[in-house]
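Peer 1:
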Amino acid sequence: MLSRWAIPIAGIDPAGVKLDHLHAVACRWVDDEHWRSPKDWSVRPMRSVDGMGVVEVATLTHAARDRLLGRVSAGSEVRFGGSRGTVLTDPHPVASADWTEFTTQTAAASWDVHFLTPTAFGNGSRFSPWPDPFAMGRSLIQRWNAVHPEGAIEIDPAGWSKVWVSDVDGCSEVLHLAGLTVSGYLGRIRYVCTDPGVAGVFDRLLRLAEYAGVGRYTARGLGTVAMVPLSPSVGQSVA
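The numbers in my numbering rise by one with no breaks, and the one at position 64 of the sequence shown is 76.
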């Protein structure tokens, strides 16, 4: 089960919360092995809802869900850097999906992906803000294979050449995280694929991304996306 949880916090101004501080809080809430990658959870930057700060955490496994619910409860104190706040309620589910739902694809051949927070790819201290299909596919397959309870996805890397970018409306944004300078993409990209097999895999991976995020530093709030399939939705089994 994949779930997104809203956690309202009193006494904290979202505008003053640095992503490194968000990361530290989220790790205390839900991490089990700090250096393990990819993570079985992700976090979105704190936002203001009706004047209240809200952190949203996604759990991708039952174990991550149990850690979150066991560590966060109403009345808990939380500290972002030098600012202290109080958790107002237990984590509240705002979205969920069972893995069985991923066996039915939308039959889409194109998708608008909205990158809601900066999204970065790369290795070590080298970063690229460009979410080309190969980078997207590689990142999401690694996450899928790490958290899916049963089956792994395998695809020939050459298959990503059948997915292409047909429209771009966005820009890069430079951030300073964990002592590094990171450039991430913000905006919308339209992906197109006319190969049914590759399109089915890409569709499932993009739906996973709405929970897991994509790219690097999803445990610091980067890589948050929303996906809109553009072709008519025709459910068909891909199991």
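Heads up, the beta-carbon is just placed ideally off N, CA and C, and yes, glycines get one too.
Quick caveat, the model's predicted, so the values are computed rather than measured.
Could you give the distance in angstroms between the alpha-carbon of T193 and the alpha-carbon of L234?
Peer 2: Residue 193 sits at position 181 when you count from the first residue of the sequence shown. Residue 234 sits at position 222 when you count from the first residue of the sequence shown. Taking the straight line from one Cα to the other gives about 13 Å.
Peer 1: Could you tell me which of A22, R77 and K30 sits nearest to V61, measuring between CA atoms?
Peer 2: On the sequence shown, position 49 is the one that residue 61 refers to. V61 has its Cα closest to that of A22, out of A22, R77 and K30.
Peer 1: Three-state secondary structure (DSSP) at G65?
Peer 2: Translated into the one-based positions of the sequence shown, residue 65 becomes position 53. In the structure shown, G65 sits in a strand (DSSP, three-state: E or B).
Peer 1: So, G65 versus P26, is the Cβ gap smaller than 8 Å?
Peer 2: Sequence index remark: in the sequence shown, residue 65 carries index 53 (1-based). Sequence index remark: in the sequence shown, residue 26 carries index 14 (1-based). Contact flag set, yes.
Peer 1: If you count every other CB in all the chains shown that lies within 10 Å of the CB of E45, and 16 or more means buried, which is it?
Peer 2: Here residue 45 refers to the residue found at position 33 when the sequence shown is read from its first residue. It counts as exposed.
Peer 1: By DSSP, does R228 sit in helix, in strand, or in coil?
Peer 2: Counted from its first residue, the sequence shown places residue 228 at position 216. In this structure, R228 counts as coil in the three-state DSSP scheme.
Peer 1: Would you check if there are 3 or more beta carbon pairs closer than 8 Å linking the region 175–191 to the region 91–100?
Peer 2: no
Peer 1: What residues are listed by DSSP as bridge partners for P20?
Peer 2: Here residue 20 corresponds to residue number 8 of the sequence shown, with the count starting at 1. According to DSSP, P20 bridges with V66.
Peer 1: For V237, does the three-state DSSP call read helix, strand or coil?
Peer 2: Residue mapping note: residue 237 aligns to position 225 of the sequence shown, counting from 1. Reduced to three states, the DSSP call for V237 is strand.
Peer 1: Which of the three DSSP states, helix, strand or coil, is assigned to E173?
Peer 2: The residue you call residue 173 lines up with position 161 of the sequence shown. In the sequence as displayed, the identity of residue 173 is Ser instead of Glu. Helix at S173.
Peer 1: Would you tell me roughly how many angstroms separate the C-alpha atoms of S245 and P130, rounded to the nearest one?
Peer 2: Here the question's residue 245 lines up with position 233 in the sequence shown. Here the question's residue 130 lines up with position 118 in the sequence shown. Here S245 scores only 42 on pLDDT, less than 50, and its place in the model should not be relied on; the value that follows carries that caveat. Approximately 29 Å, taken between the alpha carbons.
Peer 1: What whole-angstrom Cβ distance do A70 and Y223 have, given they're in contact under 8 Å?
Peer 2: Start at 1 with the first residue of the sequence shown, and residue 70 comes out as number 58. Start at 1 with the first residue of the sequence shown, and residue 223 comes out as number 211. That pair is a contact at about 5 Å.
Peer 1: Expressed to the nearest angstrom, what Euclidean distance is found between the alpha-carbon atoms of C183 and L31?
Peer 2: To locate residue 183, count along the sequence shown from 1; it is residue 171. To locate residue 31, count along the sequence shown from 1; it is residue 19. So the two alpha carbons sit approximately 20 Å from each other.
Peer 1: Report the option in A38, T98, M58 and L100 whose CA atom is closest to the CA atom of A76.
Peer 2: The residue you call residue 76 lines up with position 64 of the sequence shown. Here the closest residue by C-alpha is A38.
Peer 1: Going by CA-CA distance only, name the one from E68, G227, V159 and L217 that's closest to F139.
Peer 2: Looking up residue 139 in the sequence shown gives position 127. Ranking the options by Cα distance to F139, first place goes to G227.
Peer 1: Which value, in whole angstroms, describes the spacing of the CA atoms of L100 and W17?
Peer 2: Walking along the sequence shown from the start, residue 100 turns up at place 88. Walking along the sequence shown from the start, residue 17 turns up at place 5. Using only the alpha carbons, I get a separation of about 13 Å.
Peer 1: Which first and last residues belong to the alpha helix (DSSP H) in which P145 is found?
Peer 2: To locate residue 145, count along the sequence shown from 1; it is residue 133. Looking at the DSSP string, the run of the alpha helix (DSSP H) that includes P145 is P145 to V159.
Peer 1: What first and last residue would you give for the beta strand (DSSP E) that runs through H126?
Peer 2: Walking along the sequence shown from the start, residue 126 turns up at place 114. Residues S122 to T131.
Peer 1: Could you tell me whether the Cβ atoms of P50 and A158 are closer together than 8 Å?
Peer 2: Working through the sequence shown from its first residue, we reach residue 50 at position 38. Working through the sequence shown from its first residue, we reach residue 158 at position 146. A contact, by the Cβ cut-off of 8 Å.
Peer 1: In angstroms, rounded to a whole number, what distance separates the CA positions of G6 and P20?
Peer 2: Beyond the ends of the chain as shown, which are 13 and 251, falls residue 6; an answer cannot be given.
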